[in-house]
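Just below is one structure, and these are the notes that go with it.
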Amino acid sequence: MRRPQRRTLCALTASAALTLTFAGAAGAQPGSGGAAARAEAPDIPVAAVQQHLKEFQTLAEQNGGNRAHGEPGYRASLDYVKGKLDDAGFETDVQEFTSGGKTGYNLIADWPRGGSAADGTVMTGAHLDSVPAGAGINDNGSGSAGVLQTALAVAEANLEPAKHLRFAWWGAEEHGMVGSSSYVESLQQGELDGIDAYLNFDMIGSPNAGHFVYNEDPSLEKVFTDWFAAKDVPTEASKETDGRSDHVPFQDAGVPVGGSFTGAGYTKSQEQADKWGGTAGEPYDPCYHSACDDLSNVDEKALDLHSDAIAHAVWQLSS
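So the sequence shown is residues 345 to 663, counted in the numbering used here.
Here you go:
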């Protein structure tokens with residue numbers, strides 16, 4: 345997640361016109377996947393999410409110590425995610441943009457079974473880039489890994505949801521949500537209108553975790569608050585993400601947005617420590633935007649909980 349600062353508009357140059365293709369399963373009848381989509385979401389194995397984080401750490405170490413925009417560690421991370429999705433049967437598209445004189449990349453993955461774009465699209469995303477200081481394992485390897493494992497769970501279940509499912513991994517979020525802004529600006533109004541929900545996951549494994557839910561859209565907020573309440577986990581509205589992550593371009597374009605978050609540089613209060621555990625008076629993530637944001641900087645329990653929340657929202661909203 346980018347640091348808070350005054351948001352400015354920058355010129356975005358797409359390398360080519362973007363053509364978006366929405367594919368339904370061959371021969372599927374409208375609503376044929378409804379029963380499957382209404383099934384309870386699977387448990388997302390935290391060990392699998394952690395394995396993706398280990399890969400991101402290794403790729404950073406092999407490529408100058410980070411996964412930042414314009415650096416080889418970012419492209420290596422994107423290629424890793426793309427390979428997993430291609431093997432699982434997703435239709436993937438790498439989209440280029442420029443920022444700061446460097447080429448950036450978004451990865452878009454469409455699930456080719458179940459509903460088509462005409463039925464409405466549920467889109468789930470996370471930024472894949474780190475800051476130059478380090479590997480960015482919580483910010484935002486955690487969100488990227490949770491979204492990836494949820495997408496792989498969709499494929500493993502051979503899910504045929506009533507709505508179209510799309511997943512995205514954004515570049516250059518740390519430069520001001522450049523990749524997601526480029527994507528949103530590439531869409532026609534009708535395409536934007538067809539996105540029923542955009543769900544964003546940016547930092548879901550903070551070591552001194554809080555449990556926050558985006559409150560921009562009441563109906564999407566309720567999807568998450570009800571789920572966490574059923575797990576006996578109290579939540580708060582997420583304020584630290586306001587204007588600071590990849591949901592913002594979608595929100596500005598009128599798309600309903602939601603998501604969950606475990607905290608960044610803000611300080612945990614005593615009241616929060618009493619209900620969530622952890623240490624009052626310390627940041628949710630003491631290694632936020634620092635070199636120490638590595639594999640040791642992730643709370644397994646928070647990562648597990650919020651990865652399951654991603655799957656729950658995807659299953660429920662696509663039914």
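Where a beta carbon is used, it is the ideal one built from N, C-alpha and C, also for glycine.
Per DSSP, Q532 lies in no alpha helix (DSSP H) and is assigned neither H nor E. Counting only runs of at least 4 residues, the segment 554 to 587 fully encloses the following alpha helix (DSSP H) elements, listed from N- to C-terminal order: 562 to 574. The criterion of a C-beta distance shorter than 8 Å is not satisfied by N552 and K619. Bounds of any beta strand (DSSP E) do not take in K612, whose DSSP letter is neither H nor E. In the structure shown, the three-state DSSP call for P627 is strand.
With three or more CB-CB distances shorter than 8 Å, the segment 621 to 640 counts as touching the segment 471 to 486.
Take the alpha-carbon of G414 and the one of H471: they are about 14 Å apart. Taking the Cα of D586 as reference, the smallest distance to any Cα among F572, W571, G602 and K575 is reached at G602.
Taking the Cβ atoms as the reference, F556 lies roughly 7 Å from G607, within the contact range of under 8 Å. With 16 or more neighbouring CB atoms inside 10 Å of its own CB, N544 falls in the buried class.
The three-state reading of DSSP puts E500 in helix, counting H, G and I together. The DSSP-derived three-state label of E384 is coil. For I654, the secondary structure class from DSSP, reduced to helix, strand or coil, is helix. Counting only runs of 3+ residues, the beta strand (DSSP E) found wholly inside the segment 413 to 467 occupies 435 to 443 and 446 to 454, in chain order. Counting along the chain, the unbroken beta strand (DSSP E) around A541 starts and ends at I539 to F545. For V592, the three-state secondary structure derived from DSSP is helix.
Straight across, the Cα-Cα distance linking M345 with A516 is about 10 Å. A Cβ-Cβ contact shorter than 8 Å links S474 with R411. Counting only residues of its own chain and dropping the five nearest sequence neighbours on each side, E399 has a CB closer than 7 Å to the CB of Y424.
For A516, the three-state secondary structure derived from DSSP is coil. If you look at V393, you'll find it in the alpha helix (DSSP H) that goes V390 to Q406. Annotation for T465: K507, H508, R510, G538, I539 and D540 place their beta carbon closer than 7 Å to its own, counting only its chain and skipping 5 residues before and after.
A straight line joining the alpha-carbon of H591 with that of Y542 spans about 7 Å. Secondary structure note for S604: its beta strand (DSSP E) is the uninterrupted segment V601 to F605. From the listed residues A581, Q614 and Y610, the smallest Cα separation to D561 is found for A581. One thing to note: N484 has its Cβ within 8 Å of the Cβ of M547. Within the DSSP bridge table, the entry for S663 names no partner. By a beta-carbon distance limit of 8 Å, I452 does not contact A499. Their separation comes to about 16 Å.
Cα atoms of K583 and S421: separation of roughly 29 Å, rounded to the nearest angstrom. In the DSSP assignment, R510 is bridged to D454 and M467. With 16 or more other Cβ atoms inside 10 Å of its own Cβ, D454 counts as buried.
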